[in-house]
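The structure appears right after this line, and notes come after that.
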Amino acid sequence: MRQWISLEAFDGSSIKVSDWPLSRKINALAGIGNPNKFFDTLRFLGMDPIEHSFPDHYDFMEEDLNFEENLPIVMTEKDAIRSEDLNHLDFWYLRIKVSPPENLLDRILDKIKDK
Numbered sequence: 009m010r011q012w013i014s015l016e017a018f019d020g021s022s023i024k025v026s027d028w029p030l031s032r033k034i035n036a037l038a039g040i041g042n043p044n045k046f047f048d049t050l051r052f053l054g055m056d057p058i059e060h061s062f063p064d065h066y067d068f069m070e071e072d073l074n075f076e077e078n079l080p081i082v083m084t085e086k087d088a089i090r091s092e093d094l095n096h097l098d099f100w101y102l103r104i105k106v107s108p109p110e111n112l113l114d115r116i117l118d119k120i121k122d123k
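For my numbering, add 8 to where a residue sits in the sequence shown, where the first one is 1.
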């Protein structure tokens with residue numbers, strides 16, 4: 009399987025994590041059930057997150073994104089979708105795309121036919 013990991017912004021900007029030009033130290037936001045997985049993923053990708061956890065399904069408000077540290081803000085894709093009304097603010101979200109091999113469906117159908 010092929011995997012793409014990028015950081016995306018509401019203005020349509022997208023950049024591979026490996027090409028991230030801003031600070032590796034970031035404000036990381038997560039309003040999900042297990043935020044530690046998100047924070048661990050960011051660390052695995054070479055980021056240095058300052059963790060900001062919120063309850064699952066939290067409705068972010070502009071004041072939630074005001075931090076003492078003037079660093080890039082990165083959140084989960086789920087949280088970004090739920091925060092579209094804040095799209096005028098400068099924050100990014102982590103997007104992970106997975107693409108199965110081109111012939112995967114054919115291989116599955118062949119296996120089914122063989123049975």
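Note that the Cβ used here is the ideal one computed from N, Cα and C, for glycine as well. Source: prediction; values computed, not measured.
By the Cβ test, the segment 60-72 is not in contact with the segment 14-27, since fewer than three Cβ pairs between them sit closer than 8 Å. Restricting attention to alpha helix (DSSP H) runs no shorter than 4 residues, the segment 27-102 encloses them at 43-52, 85-90, ordered along the chain.
Per DSSP, D122 is one residue of the alpha helix (DSSP H) stretching across 112-122. Its Cα nearest to that of Y66, the residue R90 stands out among K105, R90, I23, S21.
Judged by their CB atoms, D118 and L37 are not nearer to each other than the 8 Å cut-off. DSSP places S22 in the uninterrupted beta strand (DSSP E) bounded by 22-24. Shortest Cα-Cα distance from R32 to any of I40, F75, D122, R51 involves R51.
The Cβ atoms of L53 and V25 sit closer than 8 Å to each other. Straight-line spacing of the CA atoms in D19 and L94 works out to 12 Å.
A direct Cα-Cα distance of roughly 16 Å separates L79 from F47.
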